[in-house]
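Have a look at the structure below, then the notes.
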C-alpha cells in the first residue's frame, strides 16, 4: 500500500467523485481544502490529513485514515476515511432539502393531480384553518 497519494486520485478512490477528472476539476475550482488551504490536484496527502470538500450549500469534512492502492468498493470506504462533518452542517443540508421539496418552480403551470392532492392535504390538515361550522367569535 502506498504511504501517500495525489488528492485527486484519493478522492476518486474513495468514491467522493465519479471520475478522477471530476476530482481534478474540483481542485482546480477551489472546492477541495486540506487544513483550510486550497490545494491543486497534484497535492500529496497522507494518513491523518483533514480534507474539506465544498459542495454548496455545505462543506463536507473527512479525516484520511489510510491510503487505498486502487479504487474501492463502497463497503470498504469507511476503512480509509471518516466523515467528520459537523452536525450543524448536516442539519443545514436537511433543512435545504426539505425547502427544495416544498418549492415549485415558477412557470411550470398547473400542479399535477398528485401535487394537487398533496397541497390539499397540507391545507386541510392545518390547525389554524377555521371550518365552515366554526365561528369567528371568541367565547
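In this note's numbering, the protein residues as written are 46 to 184.
Ideal Cβ placement from N, Cα and C applies to all residues, glycine included.
According to DSSP, residue 96 shares a beta bridge with 79 and 107. Here residue 140 carries a helix assignment [DSSP, helix/strand/coil]. A straight-line Cα-Cα distance of about 28 Å links residue 119 and residue 145. Counting other Cβ atoms within 10 Å of its Cβ, residue 116 stays below 16 and is therefore classed as exposed. Contact annotation: residue 112 and residue 92 have beta-carbon atoms nearer than 8 Å.
The stretch 131 to 141 makes no contact with the stretch 156 to 163: fewer than 3 CB pairs, one atom from each, lie closer than 8 Å. Only residues of its own chain outside the window of five on either side were considered, and among them 62 and 68 have a CB closer than 6 Å to the CB of residue 56, listed in chain order.
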